[in-house]
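*Asks:* Under this note's numbering, the residue at position 59 of the sequence shown is numbered 39, and the numbers go up by one with no gaps.
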Amino acid sequence: MMKIYPSTLSASHHKGAKSGKAVSWFTATLFVFASLIGVATAKDEGPVTHARSVEIDSSVVTEHETKILGKRVKYSATTGTQPVWNIKDEAVATLFYTYYQRTDVKENTERPLIISFNGGPGSASVWMHVAYTGPRILNIDDEGYPVQPYGIQTNSYSILDVADIVFVNPVNTGYSRVLPKADGSMPSQDEQQKMFFGVNADISYLADWVNTFVTRNNRWRSPKYLIGESYGTTRVSGLALALQNRQWMYLNGVVLVSPTDIGIERNGPVKAANRLPYFAAAAWYHNKLEPELQNKDLTELLPEVEDFTINTLIPALAKGGFIGDKEKRVVLKQMARYSGLSEASIAQNNLDVSTAFFWKDLLRDEGKTLGRLDSRYLGIDAKQSGDRPDYWAELTSWLHSFTPAINYYLREELNYKTDMKYNMFGNVHPWDRSNNQTGQNLRLAMAQNPYLNVMIQAGYYDGATNYFDAKYTMWQLDQSGTLKDRLSFKGYRSGHMMYLRRDDLKQSNQDLRKFIKASTPSKGAPAGYKR
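1) With DSSP as the reference, label Pro501 as helix, strand or coil.
2) Would you mind listing the beta strand (DSSP E) stretches within the segment 220 to 304 that are 3+ residues and don't spill past its ends, in chain order?
3) Since Glu419 is in the alpha helix (DSSP H), which residue starts that stretch and which ends it?
4) Using 8 Å for Cβ pairs, my map puts Val311 next to Thr335. What's the rounded Cβ distance?
5) Would Met166 pass as an interface residue toward chain D - the criterion being a Cβ-Cβ separation below 9 Å?
6) Give the straight-line distance between the Cα atoms of Asp84 and Asp354, rounded to the nearest whole angstrom.
7) Near Ala507, which residues of its chain fall below 7 Å by C-beta distance, leaving aside the five closest residues on each side in sequence?
8) Can you tell me which of the three DSSP states Gln490 falls into?
9) Can you tell me whether Ala298 is buried or exposed? The criterion is at least 16 other CB atoms within 10 Å of its CB, across all chains shown.
10) Taking only runs of the beta strand (DSSP E) that begin and end inside the segment 374 to 455, which ones reach a length of at least 3 residues, in chain order?
11) Per DSSP, which residues does Trp65 bridge with? Please list them.
12) Kindly indicate which residue of Arg226, Gly406, Arg423 and Asp121 has the alpha-carbon position closest to the one of Ala104.
13) Would you list the one or two residues that DSSP bridges to Lys51?
14) Near Ser136, what residues of its chain come up, given a Cβ to Cβ distance below 7 Å and the 5 sequence neighbours on each side ignored?
15) How is the beta strand (DSSP E) around Phe97 delimited, first residue to last?
16) Can you list, in chain order, the residues of its chain whose CB lies under 7 Å from that of Lys512, leaving out five sequence neighbours each side?
17) To which residues of the same chain is Lys397 closer than 7 Å at the C-beta, ignoring the five residues directly before and after it?
18) Below 8 Å on the Cβ atoms is my contact criterion, and I expect Gly439 with Tyr452 to pass it. Report the Cβ-Cβ distance as a whole number of Å.
19) So, helix, strand or coil for Phe176, using DSSP?
20) If you draw a straight line from the C-alpha of Leu485 to the C-alpha of Ser165, how long is it?
21) Considering only DSSP beta bridges, list what Lys510 is partnered with.
22) Return the CA-CA distance between Leu221 and Leu422, expressed in angstroms with no decimal places.
23) Which same chain residues end up closer than 6 Å to Leu463 when comparing Cβ atoms and leaving out the 5 residues on each side of it in sequence?
24) DSSP three-state call for Phe495: helix, strand or coil?
25) Can you tell me whether Glu374 is buried or exposed, with buried defined as 16 or more other CB within 10 angstroms of its CB?
26) Determine the closest residue to Met477 out of Val110, Pro63 and Gly102, with distance taken between C-alpha atoms.
27) In whole angstroms, give me the CA-to-CA distance for Tyr258 and Pro239.
28) Use the C-beta contact count for Thr380: other C-beta atoms within 10 angstroms, 16 or more gives buried, fewer gives exposed.
29) Does DSSP classify Lys363 as helix, strand or coil?
30) For Ile67, count neighbouring Cβ atoms within 10 angstroms of its own Cβ and tell me buried if that reaches 16, exposed if not.
31) Straight-line CA distance for Pro271 to Glu280?
32) Can you list, in chain order, the residues of its chain whose CB lies under 8 Å from that of Lys494, leaving out five sequence neighbours each side?
33) Identify which residue in Gly475, Gln456, Ser474 and Arg473 has its Cα closest to the Cα of Leu467.
34) Taking the straight line between their C-alpha atoms, what separation do you get for Ala505 and Ala143?
35) Give the single residue among Tyr265, Tyr79, Ala385 and Gln274 whose Cα lies nearest to the Cα of Asn149.
36) Applying the criterion that 16 or more other CB atoms from any shown protein chain within 10 Å of the CB defines a buried residue, is Gln172 buried or exposed?
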């Protein structure tokens, strides 16, 4: 059920505007006048251009009602744009966002607030918005495969019952855009990269934007959480410290969904060995393991593979070409047993099997390839030979189903109308990845803030940011071990977007509820460490 606020029926509604009707009339008059001049002078001045542009500061509010976990919930949805300002207080970009607030509560200024980012870098805030935590999600079947007709359905597991959520689209994603300079020219590519397109530039401008959003919406008293997926985990890990140290905004929690390395290096033998538990999970799913292993439950099998990886495989790979023949044969046999690949394939790769080769080789005899982000998806290549798939079967499926869904939803259900193209993936490259200290910054933020907790969520069938790498990152985040009681890991029987599978959608949202509850201090709890 949806109700549109009367004040939002105009093309845009600018917060803080004075005498809205007069301004709208005056603007309209100027527009018509300018158009007439353009027509009158077209013959002399050449063709008239009609540039497509984004609203710099706007909002549209709609009211809705849904059911979450069987209970009725009323909420508002605000879609709009909010500027990014430089140090001279000039608007240099504007970010598109969608903000959900529960409205059937007496007071929301102290309700938890979730600030949500996707990754890429260059990805719109669409995947978690209309597939995970938002009140409306993509039409999908129980295993998470999109179904036609493409559209939107109720998310009866959304965390909107316990927290308000804002989905933020970084520059050049969604409807977010770089703005022209005062002289009307666009910043150069180098200027844009320095302002927006790099690990630290991204964190810097987003921290300032979040401060403005929280202030405008009176959310300073709310327990605040960041959630990021994939590259979004790099983003929120850095934001945790940037918000504390530059904006004086302290968080209660950070959630890392399918995390990257967040600046914690995994090279050489560790990088190669850490793939094996993921190989085992994918091979188990596709029934490619020997009966003794195949008959075990996945969660019973994986600890066994993890133990072999840590205690046997990493030391073996560290020996490189000087490993003894007997030890190599033992390791080779066990790798084949756990991965579903042949001993010959593994030997030809010197025990260092790439994920791309695994995706191509596991089902080679069936003429199928595995998906990268979700290895439950299958692809068909032009040739069975080769060492990597022709395309990513899961991403093509997601793009041709998520794209129409988000465009329909924003325009027809949330009433945000624009001629701008919604960029599922925007132009943000080259991306400056230098000086990535985000993992160290997250640890420092936790040390500075006794209330800050971190939860990692990962899918067992994700081959891009595999679940065992996520565990390894958690183990290395704080080598002292003093913060480990505030770090937790949750695994799911899905891929990169583990929430697509219905059972995991239900469980992962429930895990978020528990995390929010556990990381919200009781009244009067002091922010300090005890001896």
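Built from N, CA and C at the ideal position, the CB exists for glycine as well. Note that the structure is predicted; figures quoted are calculated from it, not measured.
*Replies:* Let me lay it out:
1) In the structure shown, Pro501 sits in coil (DSSP, three-state: anything other than H, G, I, E or B).
2) Listed in chain order, the beta strand (DSSP E) runs fully inside the segment 220 to 304 are 233 to 237, counting runs of at least 3 residues.
3) Reading off the sequence, residue 419 comes out as Gly, not Glu. Gly419 -> alpha helix (DSSP H) spans Thr418 to Gln428.
4) Contact flag wrong, Cβ pair sits at about 19 Å.
5) Within the model displayed, chain D is absent; a lone protein chain is all it includes.
6) One C-alpha to the other measures close to 38 Å.
7) Excluding sequence neighbours, Ala507 sits near Pro430 and Tyr431.
8) DSSP places Gln490 in helix when its eight states are reduced to three.
9) Residue environment: Ala298 is assigned as exposed (fewer than 16 neighbouring CB atoms within 10 Å of its CB, all protein chains considered).
10) Correct list: 433 to 439.
11) Within the DSSP bridge table, the entry for Trp65 names Ala71 as partners.
12) With distances taken between Cα atoms, Ala104 lies closest to Gly406.
13) Answer is Ile48, bridged to Lys51.
14) Lys47, Ile48 and Leu49, listed in sequence order.
15) From DSSP, the beta strand (DSSP E) with Phe97 extends over Leu93 to Phe97.
16) Outside the displayed span of the chain (-19 to 511) sits residue 512, for which this structure offers no information.
17) Excluding its 5 nearest sequence neighbours in each direction, Lys397 has C-beta neighbours in its own chain below 7 Å: Arg391, listed in chain order.
18) The C-beta separation of Gly439 from Tyr452 comes to about 16 Å, leaving the pair out of contact by the 8 Å criterion.
19) Here Phe176 sits in coil by DSSP.
20) Looking at the backbone, the Cα of Leu485 and that of Ser165 are separated by about 45 Å.
21) The partner list for Lys510 (beta bridge, DSSP) is empty, contrary to what the question assumes.
22) Approximately 6 Å between the Cα atoms of the pair.
23) Excluding residues within five positions, the ones whose Cβ falls inside 6 Å are Met426.
24) Residue state, collapsed to three classes: helix.
25) It is buried - the Cβ of Glu374 has at least 16 other Cβ atoms within 10 Å.
26) Closest option to Met477, Cα to Cα, is Val110.
27) When rounded, the distance between both Cα atoms is 14 Å.
28) A small fix is needed here, since residue 380 is His in this sequence, not Thr. The residue in question, His380, is exposed, as its Cβ has fewer than 16 Cβ neighbours within 10 Å.
29) In the three-state reduction of the DSSP assignment, Lys363 falls in the coil class, being assigned neither a helical nor a strand state.
30) That one is exposed.
31) Note on geometry: alpha-carbon atoms of Pro271 and Glu280 lie some 14 Å from one another.
32) Result list for Lys494: empty, nothing under 8 Å.
33) Comparing alpha carbon positions, the residue from Gly475, Gln456, Ser474 and Arg473 closest to Leu467 is Gln456.
34) When rounded, the distance between both Cα atoms is 21 Å.
35) Closest option to Asn149, Cα to Cα, is Tyr79.
36) Result: buried.
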